[in-house]
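Colleague: Sharing a structure below in structure tokens format, with a few things to ask.
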Amino acid sequence: MSKRRGKVISDATAAKSRRVTADAKPRRPSSGRATPSSTGDIGLIESITLKNFMCHHLLGPFQFGPNVNFIVGNNGSGKSAILTALLVGLGGKATVTNRGMSLKDFVKTSENTADITVKLRNRGPDAFKKDAYGDCISIEHRISSDGGRTCRLKSKSGKLISNKKEELTAILDHFNIQLDNPVSILNQEMSKQFLHSKNEFDKYKFFMKATLLEQMKRDYIHIKHTKTVTRQQVERQDESLKDLKREFLQKKERYEHLPSVSEMKEVLENLKKTMVWCLVREKEQLVQQLKDDVEKEANNHKHQDNLQLCQSKVTQVEKKRQLIKSRVDGMRREQESLSGDNLRLKEQVKVVGRAHKEQELVYFRALNKLKQSEKEQNRLQERINKAKTILSLNNDGDTEYAIQQKTISRLKEQLAELEAKGPKLNQEIQNKRQALFKGREEREKLRLEERNIWVVNESKVRRRNHILASRSNKLKRFGDQVPDLLGSIAEGYATGRFLKRPVGPIGACISLKDPMLALAVECCLRSFMKAFCCDNYKDEAALQELMRRHYPKGNRPQIIVCTFSEKVYNIQGRKADHPEYPSVLDIITAPSPVVINCLIDMRGIESILIIKEKDKARRVMQQGRPPKNCREAFTAEGDQVFSNRYYTADFSMAQYLGGDLETEISMLESDLENHQAQLSRFQLHGTSVTKDIMSMERNLNNTIIALKNTLVSVNQVKASITELETAGEEHIDDISSLEEVAQENRPRLEAEKQFVHEAKTDLDKHRSSAEDVESKYFAVREQIDQLSEDAEALKEEQLKLEAECAKHQRTLQILERKLKAHEDDVQAMSGDLAERAEELQEYVAKATEICPERQQVTRSTRSIDIEITRMKKTIEVHEENHGEQEQVLREYAKALALYREKTSQVRDLQRFIDQLDNIMSDRQDRYKIMRRLVSVRCKLYFNNFLIKMNCCGSMVFDHNNETLSISVKPPGREDDGVSDMRSLSGGERSFSTVCFMLSLWEITESPFRCLDEFDVYMDMHNRRISLDLLLELSERQHLRQFIFITPLNISNLPKTSLIKIHQLQDPETTEEDV
25 MSKRRGKVIS DATAAKSRRV TADAKPRRPS SGRATPSSTG DIGLIESITL KNFMCHHLLG
85 PFQFGPNVNF IVGNNGSGKS AILTALLVGL GGKATVTNRG MSLKDFVKTS ENTADITVKL
145 RNRGPDAFKK DAYGDCISIE HRISSDGGRT CRLKSKSGKL ISNKKEELTA ILDHFNIQLD
205 NPVSILNQEM SKQFLHSKNE FDKYKFFMKA TLLEQMKRDY IHIKHTKTVT RQQVERQDES
265 LKDLKREFLQ KKERYEHLPS VSEMKEVLEN LKKTMVWCLV REKEQLVQQL KDDVEKEANN
325 HKHQDNLQLC QSKVTQVEKK RQLIKSRVDG MRREQESLSG DNLRLKEQVK VVGRAHKEQE
385 LVYFRALNKL KQSEKEQNRL QERINKAKTI LSLNNDGDTE YAIQQKTISR LKEQLAELEA
445 KGPKLNQEIQ NKRQALFKGR EEREKLRLEE RNIWVVNESK VRRRNHILAS RSNKLKRFGD
505 QVPDLLGSIA EGYATGRFLK RPVGPIGACI SLKDPMLALA VECCLRSFMK AFCCDNYKDE
565 AALQELMRRH YPKGNRPQII VCTFSEKVYN IQGRKADHPE YPSVLDIITA PSPVVINCLI
625 DMRGIESILI IKEKDKARRV MQQGRPPKNC REAFTAEGDQ VFSNRYYTAD FSMAQYLGGD
685 LETEISMLES DLENHQAQLS RFQLHGTSVT KDIMSMERNL NNTIIALKNT LVSVNQVKAS
745 ITELETAGEE HIDDISSLEE VAQENRPRLE AEKQFVHEAK TDLDKHRSSA EDVESKYFAV
805 REQIDQLSED AEALKEEQLK LEAECAKHQR TLQILERKLK AHEDDVQAMS GDLAERAEEL
865 QEYVAKATEI CPERQQVTRS TRSIDIEITR MKKTIEVHEE NHGEQEQVLR EYAKALALYR
925 EKTSQVRDLQ RFIDQLDNIM SDRQDRYKIM RRLVSVRCKL YFNNFLIKMN CCGSMVFDHN
985 NETLSISVKP PGREDDGVSD MRSLSGGERS FSTVCFMLSL WEITESPFRC LDEFDVYMDM
1045 HNRRISLDLL LELSERQHLR QFIFITPLNI SNLPKTSLIK IHQLQDPETT EEDV
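Residue 25 is where the sequence shown starts when you use our numbering, and the numbers rise one by one after that.
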């Protein structure tokens, strides 16, 4: 992790002081328990815990020792996961780990989040915010499946201190932890890249980055750049200083030639004194006029007289109104007494009327019963007579009865045939209706298809006519009204109607670099092809007015308001960039940048690609991530392609940008002929179907009529059968029994006649009683109506008097308000007179203060004011020419101070830059000395470590060319010309890597070191030597923490509490893995 600029040198100095202090302490014993003074105080990793990280559900917590830690386990047990989690947990990016491209790759499959907890030691005098965090800083990271992460910094007690990235950066800077420095954390992938790198420049860069010399070099470059910028600013300040000096000399010249205006100011003061006493004289005249007006208004009694007259009228009208009101009240009381009689009589009318109706109902019921009995008696007598006649013809009667029976049987057979025929006719009607429905449905389909073809044919006829009309004028492609509209625009611009001439239509203002892409561009721009551009809203309103004349029925072209510019927009960083396919902006040209800028604003043509083939368009936009800044794409056929959807074009030919009109006309003619042939076929087929439908309708109607006739016949046969059966039953009637019934009915008829007569008598009595009560009720009602009419007349007169009274009341109120206003006016005038008198006293006091002796003024205020104005103008002109004295003095003093200040600033900056040159020159020399000493120390340590293996080698630094060459010769091959590390065996190469890392560890500072699978390619001999070297180094640097990751057995390590071994369990094997 790179440090913040400006703290590198101080941090390196602090780290060096800590190293010197550590080296000065006595070495710790090789065995036994570590004491607090033999371990580091800050930056050591105390523990790490992983949850749902990579392929592991839970790892840890791993409690690391303060000195040497070995993490041992087979492949897949989580060794490298711990190292990766350490980098991510301390805020490193996913790319630093070489295990993934994004943080979401570290979340375990089927889980939403992964958690990492890293605890760092925070003890001693150099602890980071000891009061807040305590002896331990807990860094908790949570990674979500969408790639986001959150960081929480907690104290030893678990209290949340901060969740900001800046706080974590400050902690890492304070502890001198560099995540991107391979010396601190070296993983397998970085080791392989270093060993197999052929480029000596990469090795040198690796060395510079590990020793922080590269960071120091970048800081010096930044300082030089800042110095150059400062020098340029000083030069510009020097140029502005010349202008400032010139301005200062001008102010000085005006100061030296300043004239005196005291005499004119003295005359002006005398005029002002005369003016104040003139104002006093005018105030005195105004006060005297106000006194006369107040006396005149106080003696005016006209409003008081009018008010008394109006009050007498109001009293007279009120007396008349009270008299009429008393008469109206008397009539109301009389009307109320009559209303009681009216209600009583009304109730009697209702009671008598109800009794009359009940008696009338009794009478009519008895009368109807009598009539019914008489009818029954007459029918009984007719049956008796008919029975006697039949009896006399008994012999002939037997023959007639047999004939009736035969007729009934024949009619029943006919009825059975007709009833069997009905269901057949119903089924036939249903079948014919279904056939008729299918025929009509087919006819509707034919008509719909014919209508669709006719609509398409009409549109193509209009298109053909439009193209034929546009042969002579291409602007007619955009509408027949466009040429006339453009003429009106030109005329309006010439007469000054437009501030800037509108541009359009846009389709006529652009051209294509590739005509084959005309359809794609039209599908992209759509309605913008006919649009117009205006510079401001005033021009837009004028253009709308012109369009209303040329487009009376609506559907006008769109108007876009955008400020006209002479240059095309700078779209750097916003343009869709693809090596093979151009954007819409790339394939169109326009004579005016206004059109291009308008399409960029409204359609975003810089972010739309043109890809001719459909398959390629789908592959580019939908398979993987779309190109940078690309929102959508269009194919040559006009199809629109997004990252998640695809739309087919609505038309197949370009309408506005197409070049070959004759080909399009011939294609339209061919399509029109095909449409005409299709219409003819549809018309013939439709005529045939219509004839079939008419035939089916006639057959259906005939069948329905036959069914109706059959139902009528069934009803007629049933009636005949019923009539014949009834006639046959009459033969069995007994004449004697009928005569007995008739004899019994006669007394009953007489009794009913007597009851009807009595009911008639009672009805007449009730009718006469009801008529008497109604006559009394109507008499009372007439009296009430007469009283109501008289009362209404009195009420109308009363309303008139009330209106007159209200009118007089309003007049009275108006007069009272006028009287009050008159009194208020007199009072206001008196108050105004008092105020004017006070103002007069103030004027006199001010005038006395300005000029103690009262001056006799004969001139008017206006003449004195004119003279004062003329004198002021004379003084102003004089001061404009020579400047006001105080202002000239202030400007001169200000210019002098500014000139001296700027001169001092430029001189100080120049001195600072010269001093900075000397400092940077000295720093560069010291930097080179430091670089040489660090490289010498690295070579010495490297050779010393190779000697442990009886090898020889060399490291050659070329600081001028920035290269580093490393050569290693194994034992027994010293005389060979082998010097490339790639010619060594895997174990020898791994041992050489360890030696190089150890030499870098000797010359760099970090609170902990991490080395991943350093011995994976070593044989037992080289591995034993490497382990001894690592343990020896850890003993020397006992204030540092070491973490070694290896998949091999380490049972031969010495048994000591300074070495802590973390043995990881083998990964669980599931059936899916098998």
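Just so it is clear, CB atoms sit at the ideal spot from N, CA and C, and this is done for glycine as well. Quick caveat: nothing in here was measured; it's all calculated off a predicted structure.
Out of GLY115, ASN974, THR121 and GLU70, state which residue places its alpha-carbon closest to the alpha-carbon of ASP1036.
Modeller: For ASP1036, the nearest C-alpha among the options comes from THR121.
Colleague: For GLU449, which of SER991, SER1030, ASN725 and PHE666 has the nearest alpha-carbon?
Modeller: The question names Glu, yet the displayed sequence has Leu at residue 449. Residue ASN725 is the option with its Cα nearest to LEU449.
Colleague: Can you check whether the CB of ALA118 is closer than 8 Å to the CB of PHE77?
Modeller: Cβ distance not < 8 Å, so PHE77 and ALA118 don't count as in contact.
Colleague: Is the distance from the Cβ of LEU541 to the Cβ of ILE620 below 8 Å?
Modeller: No; because the gap between Cβ atoms is not below 8 Å, this pair is not in contact.
Colleague: Which full runs of the beta strand (DSSP E) of 3+ residues lie inside the segment 648-726, going along the chain?
Modeller: List check, beta strand (DSSP E) in window: 656-658.
Colleague: Thinking ASP814 and MET355 are a contact (beta carbons under 8 Å), I'd like their distance in whole angstroms, please.
Modeller: Between MET355 and ASP814 the Cβ distance is about 6 Å, and since that is below 8 Å, they are a contact.
Colleague: Evaluate LYS831 with the Cβ neighbour count: other Cβ atoms within 10 Å of its Cβ, from every protein chain shown; 16 or more gives buried, anything less gives exposed.
Modeller: It counts as exposed.
Colleague: Between ILE33 and ASP243, what straight-line distance do the alpha-carbon atoms span, to the nearest angstrom?
Modeller: Note that ILE33 has pLDDT 33, beneath the 50 cutoff, so the model's placement of it is unreliable and no number is given.
Colleague: Between LYS189 and LYS1084, what straight-line distance do the alpha-carbon atoms span, to the nearest angstrom?
Modeller: Those two C-alpha atoms are separated by around 32 Å.
Colleague: Cβ of SER264 less than 8 Å from any chain C Cβ?
Modeller: Checking the listed chains, one finds no chain C in this structure; it contains a single protein chain.
Colleague: Would MET720 pass as a contact of LEU499 if the rule is Cβ separation under 8 Å?
Modeller: Against a cut-off of 8 Å, the Cβ pair of LEU499 and MET720 comes out as no contact.
Colleague: In whole angstroms, give me the CA-to-CA distance for PHE658 and THR235.
Modeller: So the alpha carbons of these two residues sit roughly 54 Å apart.
Colleague: How many Å lie between ILE971 and ILE1049 at the Cα?
Modeller: Taking the straight line joining both Cα atoms gives about 11 Å.
Colleague: Is PHE981 closer than 8 Å to LEU1053 when the C-beta atoms are compared?
Modeller: No, Cβ-Cβ distance for LEU1053 and PHE981 is not below 8 Å.
Colleague: Check whether the segment 583-594 and the segment 606-625 are in contact - that is, three or more C-beta pairs closer than 8 Å.
Modeller: Yes: the two stretches touch, three or more of their Cβ pairs being nearer than 8 Å.
Colleague: Considering only residues of the same chain and omitting the five flanking positions on each side of ALA794, which have a CB-CB separation below 7 Å?
Modeller: These residues qualify, in order along the chain: VAL376, GLY377 and HIS380.
Colleague: Return helix, strand or coil for ALA250, following the three-state DSSP convention.
Modeller: Going by the sequence as given, residue 250 is Thr instead of Ala. Looking at THR250 - three-state DSSP - the assignment turns out to be helix.
Colleague: Which residues in the same chain as LEU82 place their Cβ atom closer than 6 Å to its Cβ, once the five residues preceding and following it in sequence are excluded?
Modeller: Closer than 6 Å at the Cβ level, and outside the excluded window around LEU82, lie LYS75.
Colleague: When you compare the segment 97-109 with the segment 178-195, are there three or more beta-carbon pairs, one atom per stretch, that lie closer than 8 Å?
Modeller: In short, these stretches do not touch, since the Cβ pair count stays below three.
Colleague: To the nearest angstrom, report how far apart GLY421 and LYS430 are at their CA atoms.
Modeller: Model confidence at GLY421 stands at a pLDDT of 47, short of 50, so the residue's coordinates are unreliable and nothing is read from them.
Colleague: Alpha carbons only, please: which of VAL804, LEU843 and GLU774 is nearest the one belonging to ASN330?
Modeller: Per the Cα distances, LEU843.
Colleague: With a 10 Å radius around its C-beta and 16 neighbouring C-beta atoms as the bar for buried, classify ILE201 as buried or exposed.
Modeller: By the neighbour-count rule (16 or more Cβ atoms within 10 Å), ILE201 is buried.
Colleague: Suppose the cutoff is 7 Å on Cβ atoms and the five residues either side in sequence are ignored; what does the same chain contact list for ASN653 look like?
Modeller: Excluding positions up to five away in sequence, the list reads ARG598, LYS599, ALA600, ASP601 and SER631.
Colleague: Leaving out five residues before and five after GLU891 in sequence, what residues of the same chain have Cβ atoms less than 7 Å from its Cβ?
Modeller: The answer, listed in chain order, is LEU295.
Colleague: Please classify MET979: does DSSP put it in a helix, a strand, or coil?
Modeller: Strand at MET979.
Colleague: In this structure, does DSSP put LYS395 in helix, strand or coil?
Modeller: Correct three-state label for LYS395: helix.
Colleague: Based on the DSSP secondary-structure assignment, which residues constitute the bridge partners of LYS1084?
Modeller: For LYS1084, which the question treats as bridged, DSSP gives the partners ASN93.
Colleague: Give the single residue among VAL901, ARG947 and HIS846 whose Cα lies nearest to the Cα of ASN323.
Modeller: It is HIS846.
Colleague: What did DSSP end up calling PRO1091 once you bin it into helix, strand or coil?
Modeller: The answer is coil: DSSP assigns PRO1091 none of H, G, I, E or B.
Colleague: In this structure, does DSSP put PHE969 in helix, strand or coil?
Modeller: If DSSP states are grouped into helix, strand and coil, PHE969 belongs with the helices.
Colleague: Ends of the alpha helix (DSSP H) at ASN98?
Modeller: First-last for ASN98: undefined, no H or E at that position.
Colleague: Determine the extent of the beta strand (DSSP E) in which THR133 is found, giving its start and end residues.
Modeller: No beta strand (DSSP E) contains THR133, which DSSP labels as neither H nor E.
Colleague: If you follow the beta strand (DSSP E) that PHE588 is part of, which residue opens it and which one closes it?
Modeller: It is not in any beta strand (DSSP E) - PHE588 carries neither H nor E in the DSSP assignment.
Colleague: Return the first residue and the last residue of the beta strand (DSSP E) that LEU66 is part of.
Modeller: Per the sequence shown, residue 66 should be read as Ile rather than Leu. That run of the beta strand (DSSP E) goes 66-77.
Colleague: Use the C-beta contact count for LYS227: other C-beta atoms within 10 angstroms, 16 or more gives buried, fewer gives exposed.
Modeller: The residue in question, LYS227, is buried, as its Cβ has 16 or more Cβ neighbours within 10 Å.
Colleague: In chain order, what residues of the same chain lie with their CB nearer than 7 Å to the CB of ALA544, ignoring the 5 residues before and after it?
Modeller: Excluding residues within five positions, the ones whose Cβ falls inside 7 Å are ILE634, PHE658, THR659, ALA660 and GLY662.
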